[in-house]
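Respectively, the protein sequence lines represent chains A and B.
The first sequence maps to residues 0 to 190 in numbering that gives the first Met the number 0.
The second sequence maps to residues 0 to 644 in numbering that gives the first Met the number 0.
Have a look at the structure below, then the notes.
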Amino acid sequence: MSEETTIPTRAAPPPRAVPGTGAVRVHRLVALVLDKPGVLNRVASLMRARNFNIDSLAVSRTDQEGLSRMTITLHGDDVAVEQAAKQLYRLIDVLKVQDVTSDPTVDHELALVKIRATDANRGELLKVIELSKGRVVDLTAESVIVEVSGTEGETDAFVALVRIYGIKELVRTGAVVMSRGSGSIEEALKR
Amino acid sequence: MTMTKGDSAKPPGPGGEAAAGETAPARVRRSHVPADGTEHAAAVERAQREMLHEGAAAASLPVDATAKARAPRPRIGADVVCEAVLRQGVDVFFSYPGGVVLPLYDVLGDHPELRHILVRHEQGGAHAADGYARATGKVGVCMGTSGPGATNLVTGIATAQLDSIPMVAITGNVPAALIGKDAFQEIDINGITLPMTKHNYLVRDANDLPRVLAEAFHIARSGRPGPVHVDITKDALQQETNAGHPTESEVIAGLPGFRPNLDGHFRQLKTAAAEIMAAQRPVILAGHGILHAHAEAELLAFAEKTSIPIAWTLLGIGAVDETHPLAFGYMGMHGWKHVNRAIQSADLLIAIGMRFDDRVTGNVRTYAPYARIIHVDIDPAEIGKNVAVEVPIVGDARRVLKALTPMVEATPMEARRDYLDQLTGWKKESTASSWHGSGAWRDGLLSADYVVERIGELTDHEAIYVADVGQNQMWLARYTGFRHPNTHISSGGLGTMGFSVPAAMGAALGVPGRQVWAIAGDGGFQMTSQELMTLVQDRIPVKIALFDNKKLGMIRQWQEIIYGGNYHSSHLMGPDFLKLAEAYGVPAIKATTPAEVDDAIRFAQGVDGPALVWFQIAGEQNVFPMMPAGKGLSDLIETWGGSEE
Chain A
0 MSEETTIPTR AAPPPRAVPG TGAVRVHRLV ALVLDKPGVL NRVASLMRAR NFNIDSLAVS
60 RTDQEGLSRM TITLHGDDVA VEQAAKQLYR LIDVLKVQDV TSDPTVDHEL ALVKIRATDA
120 NRGELLKVIE LSKGRVVDLT AESVIVEVSG TEGETDAFVA LVRIYGIKEL VRTGAVVMSR
180 GSGSIEEALK R
Chain B
0 MTMTKGDSAK PPGPGGEAAA GETAPARVRR SHVPADGTEH AAAVERAQRE MLHEGAAAAS
60 LPVDATAKAR APRPRIGADV VCEAVLRQGV DVFFSYPGGV VLPLYDVLGD HPELRHILVR
120 HEQGGAHAAD GYARATGKVG VCMGTSGPGA TNLVTGIATA QLDSIPMVAI TGNVPAALIG
180 KDAFQEIDIN GITLPMTKHN YLVRDANDLP RVLAEAFHIA RSGRPGPVHV DITKDALQQE
240 TNAGHPTESE VIAGLPGFRP NLDGHFRQLK TAAAEIMAAQ RPVILAGHGI LHAHAEAELL
300 AFAEKTSIPI AWTLLGIGAV DETHPLAFGY MGMHGWKHVN RAIQSADLLI AIGMRFDDRV
360 TGNVRTYAPY ARIIHVDIDP AEIGKNVAVE VPIVGDARRV LKALTPMVEA TPMEARRDYL
420 DQLTGWKKES TASSWHGSGA WRDGLLSADY VVERIGELTD HEAIYVADVG QNQMWLARYT
480 GFRHPNTHIS SGGLGTMGFS VPAAMGAALG VPGRQVWAIA GDGGFQMTSQ ELMTLVQDRI
540 PVKIALFDNK KLGMIRQWQE IIYGGNYHSS HLMGPDFLKL AEAYGVPAIK ATTPAEVDDA
600 IRFAQGVDGP ALVWFQIAGE QNVFPMMPAG KGLSDLIETW GGSEE
């Protein structure tokens, strides 16, 4: 039988898509995990081994005893991030994973910024902080520590604004995120 | 996208194992080795005593030396380990003693129904547990001490992880108070095994041991199987405890994050059925998941109802009897050309329990270009990982096939006559160019594929065949002719050289009624040949077919074809393997021509115990066809100038 008849008589198809090669965007995953020693290590190790890059990771307790919550921010195309979520799900200590990237969410992080301050510019700096809804939590002759919270974009804007005064130190928690509305990932877990 | 771990799913039936809640039946010790009292057994024992310098006065083997009267004593963590293993229906484990596991060795004599195999290297122990698991479907158990004992297990654990083998690897660790102090033989083995196990534990309190070990076995065998590592501190092994063993339902309740989804989604099944009814050129791709799920009968029922040919992956060998009319062949890098050709021209692939490994697909962009894909796997993470698919179905292969078969209309072979005739034509064409036409054969040299075929024939295709890694593995996969599930054992994912002899050891202990053949190249054999002594000491009747081409054959093949003939370090010296075998007390024979092959195989079969056949095969034989790494399934190399092929 000739080669022509061996193949369906359609035109040559386009190359098969390779998973993980689509458009990259920032994703947020929320994971509920058992509060056990080593869980953070398991999550971090998995992300490293599977070649996913974590932008930020925030971990805390939840209202339920024995249950922790992770907010993981990472870059990747939709398929790759879905793969990351599925790999997380394979961990015995992970109970639930949700990609909330496309959901309406409240999306906040907290930052502490230690800014250089002099007698000459302190007044102006405090005015800028006040206008930016920052909160002064420490004040010395040479510096001021400001607490700001909001979206990562808002933090970026504030940091850019005060950079001219001189940033001595900066720490950001990374985003924590919660879906808007009455739905609850913790309640969903109980059902 | 939201995922929740379902809560309705129950774990799969414990394939032939005693349920954890029941008491394991008492087992007769050593039922699976040549009977005591036979002439051969006596001869082996004499040889053993001489070798062990025990002299004629020694009354028994060292393994029985612990059978001395002991005062009643409290139950300790080490007893819990023995009980937990026996409760799972596992009666043999593979281990090597060391400082921190001595508490366990101190109580082993009190659990005589648990057989301990003293391996010569922990890697051998891990592979043996792996081979035991693959041959029996039970969970394999291996153990080692802390530090080097534990790190020696690592290659074996990784092998089990990549092939989804149910295994519990137990290690001792230094006393809890010394952890983190760089104590003697201390290493963070939990940190090492974390990325290569399904789950792992560190136990510091003997009261946790029953729960942890029951969880470990449950996780290892349920859903997609895999290895679980349990690290136990020395003081936990010594600690007194009255903690009882949990029931299976208590174990499940304690693992809220482990709820494998077993039943395929109904809507997806309906979509799959519609795809199957519409397809003109469908091919079933059967993987290891068929064997794990014991879905061989369901696979055949589905294929026969729909008249769809079955191709299989390396680890899917045995999912279907190769002589069945719909059994089409082995796919992938060294698979049959007709099979790869069918995949490349298919309009529907029904992939069941396989993971589109790069050795199966080659270049994904050109893989099965005309095909839509139905992908059934129990692990959601496998779906869409390597290849984008049209119909994903998460579930156990057996349950999915059981649900799917009634949903498709029967299609008689007659309705697919043109398609099936074309495939049969391709098959005839591609199988005709096997060893019978090879240059090695023409030159009167021993052609490895011929030897493999003879081993298959002379064992009536009823033995268990354990491959090493490299050319021998591919020859075995292609030419043996497999009829039954779990009779082909091969390190597919990790490709661990040195796997065959120790894995065959585990298989032989697990399935005492079957002949077990290890097929090893001279490279792999020299990696774990120390286990010959274990075979002798524990009288494990493994037959070894040693394929000696004095080369690292697959390396040499790649160097010839891909690296322009730059043969660096692929020429391998070996000892006189007859003398080596003799030194260990293993009967051995040499075959250098095709005429000697049958007698050599029969010689090994006639030995009541381990035996070795040294096949001196052609030095430069290649495995064809071959898909070069990075190329596609349509880019097979079938001949190469200058080689003996």
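Glycine residues also receive a C-beta, built at the ideal position from the N, C-alpha and C atoms.
Note to self: Going by the DSSP bridge assignment, what does Ala-168 of chain B pair with across the sheet?
What the structure shows: B:Cys-141, B:His-228
Check: For Gly-520 of chain B, which residues does DSSP report across the bridge?
Finding: B:Phe-546
Check: Helix, strand or coil: how does DSSP classify Trp-335 of chain B here?
Finding: coil
Item checked: Minimum C-alpha distance to Leu-101 of chain B - residue among B:Leu-193, B:His-228, B:Met-142, B:Tyr-478 -> B:Met-142
Note to self: In this structure, how does DSSP classify Asp-645 of chain B when only helix, strand and coil are distinguished?
What the structure shows: Absent from the structure is residue 645 of chain B, since the part of chain B shown begins at 0 and ends at 644.
Checklist line | the segment 316-326 of chain B / the segment 479-489 of chain B touching (three or more Cβ pairs under 8 Å) | finding: yes
Note to self: Cβ closer than 8 Å: which chain B residues qualify as neighbours of Arg-15 of chain A?
What the structure shows: Val-363, Arg-364, Thr-365, Tyr-366, Ala-367, Pro-368, Val-386, Ala-387
Margin query: Would Gln-645 of chain B and Asn-548 of chain B be called neighbours here (beta carbons separated by less than 9 Å)?
Written below: The first residue shown for chain B is 0 and the last is 644, placing residue 645 of chain B beyond what the model contains.
Notebook entry, point to check: Given His-228 of chain B, which residues of its chain have a CB within under 6 Å of its CB, disregarding the five upstream and five downstream residues?
Noted result: Ala-168, Thr-192, Thr-196, Asn-199
Check: For Ser-306 of chain B, does the count of other Cβ atoms within 10 angstroms reach 16, so buried, or fall short, so exposed?
Finding: buried
Check: Helix or strand or just coil, what does DSSP make of Glu-108 of chain A?
Finding: strand
Notebook entry, point to check: Looking at the C-beta of Asp-378 of chain B, does it have a partner C-beta in chain A at a distance below 9 Å?
Noted result: yes
Margin query: For Ala-273 of chain B and Ala-285 of chain B, what's the separation of their Cα atoms in angstroms?
Written below: 20 Å
Next item on the list: Report yes if the CB atom of Val-91 of chain A is closer than 9 Å to the CB atom of Ile-156 of chain B, and no otherwise.
Entry: In the sequence as displayed, the identity of residue 91 of chain A is Ile instead of Val. Against a cut-off of 9 Å, the Cβ pair of Ile-156 of chain B and Ile-91 of chain A comes out as no contact.
Notebook entry, point to check: So what does Asp-98 of chain A bridge to, in DSSP terms?
Noted result: A:Leu-28
Notebook entry, point to check: If you compare alpha carbons, which of B:Val-515, B:Phe-524, B:Thr-410 is closest to Gly-497 of chain B?
Noted result: B:Phe-524
Note to self: Taking the beta carbon of Ser-94 of chain B as the centre, do at least 16 other beta carbons fall within 10 Å, making it buried, or is it exposed?
What the structure shows: buried
Check: Applying a beta-carbon distance threshold of less than 8 Å, which residues of chain A neighbour Phe-257 of chain B?
Finding: Ile-91
Checklist line | Under the three-state DSSP convention, the category Met-532 of chain B falls into | finding: helix
Check: Given that Ala-48 of chain A touches chain B, what residues does it touch there, using C-beta distances under 8 Å?
Finding: Pro-194
Next item on the list: With a cut-off of 8 Å on the beta carbons, I'd call Val-99 of chain B and Val-211 of chain B a contact; round off their distance for me.
Entry: At roughly 17 Å, the Cβ-Cβ gap does not stay under 8 Å, so Val-99 of chain B and Val-211 of chain B are not in contact.
Note to self: For a contact defined as C-beta to C-beta under 8 Å, what are the partners of Ile-178 of chain B on chain A?
What the structure shows: Under the 8 Å cutoff, chain A gives no residues; its nearest Cβ is about 12 Å from Ile-178 of chain B.
Check: How about Ile-561 of chain B: is its C-beta nearer than 9 Å to some C-beta of chain A?
Finding: no
Next item on the list: Please name the residue or residues paired with Asn-199 of chain B in a DSSP beta bridge.
Entry: B:His-228
Item checked: Listed by chain order, chain A residues near Gly-383 of chain B by CB distance under 9 Å -> Pro-18, Val-78, Glu-81, Gln-82, Lys-85
Margin query: Does Tyr-329 of chain B come out as helix, strand or coil in the three-state DSSP assignment?
Written below: strand
Notebook entry, point to check: Listing by chain order, which chain A residues have their CB less than 8 Å from the CB of Ile-218 of chain B?
Noted result: Ile-91
Note to self: Among A:Ala-83, A:Thr-117, A:Leu-87, A:Ser-148, whose alpha-carbon lies nearest the alpha-carbon of Thr-139 of chain A?
What the structure shows: A:Thr-117
Note to self: Give the list of continuous beta strand (DSSP E) stretches no shorter than 3 residues that lie fully inside the segment 265-353 of chain B.
What the structure shows: 281-285, 309-311, 326-329, 347-351
Checklist line | Start-to-end residues for the beta strand (DSSP E) that takes in Leu-188 of chain A | finding: Note, Leu-188 of chain A: premise wrong, no beta strand (DSSP E); alpha helix (DSSP H) at 184-189.
Item checked: Contact residues within the segment 236-254 of chain B, judged by C-beta distance below 7 Å to chain A -> Leu-254
Notebook entry, point to check: Using a Cβ cut-off of 7 Å, which residues of the segment 332-358 of chain B contact any Cβ in chain A, in chain order?
Noted result: Ser-344, Asp-346
Note to self: Just to make sure I have the definition right: I need the residues of chain B whose C-beta is within less than 9 Å of the C-beta of Ser-44 of chain A. Which are they?
What the structure shows: Gly-190, Leu-193, Pro-194
Check: Would DSSP call Ser-429 of chain B helix, strand or coil?
Finding: helix
Notebook entry, point to check: In whole angstroms, what separates the C-alpha of Tyr-329 of chain B from that of Asn-339 of chain B?
Noted result: 9 Å
Checklist line | Partners in chain A for His-198 of chain B, counting only beta-carbon separations shorter than 7 Å | finding: Ile-91
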